[in-house]
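Trainee:
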């Protein structure tokens, strides 16, 4: 992404434990993530994402992300 651009792509790994209300929900959480963001009306919004579990990892639960800041 450069100056004046309105689209960004992020690729990264997520590794760890997912907690809910202080309780472990998912252990050995290991996932590859790819996300696309668009700048709309001066605000960066998520326009697309893909999640793939890493070998031996538990992946991403369907309800892991809220709809906040999605296009």
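Residue numbers (my numbering): 5 to 75.
Cβ atoms here follow ideal geometry from the backbone N, Cα and C, with glycine treated the same way.
Here the structure is a predicted model, which means the values were calculated and not measured.
(1) Out of 30, 33, 38 and 32, which one is the CA nearest neighbour of residue 16?
(2) For residue 22 and residue 32, what's the separation of their Cα atoms in angstroms?
(3) Could you compute how far the alpha carbon of residue 8 sits from the alpha carbon of residue 44?
(4) Bridge partners of residue 9, per DSSP?
(5) Quick one: grab the DSSP three-state call for residue 52.
Mentor: Reading off the structure:
(1) Cα-wise, what sits closest to residue 16 is 38.
(2) One C-alpha to the other measures close to 9 angstroms.
(3) When rounded, the distance between both Cα atoms is 12 angstroms.
(4) Beta-bridge partners assigned by DSSP to residue 9: none are found.
(5) Looking at residue 52 - three-state DSSP - the assignment turns out to be strand.
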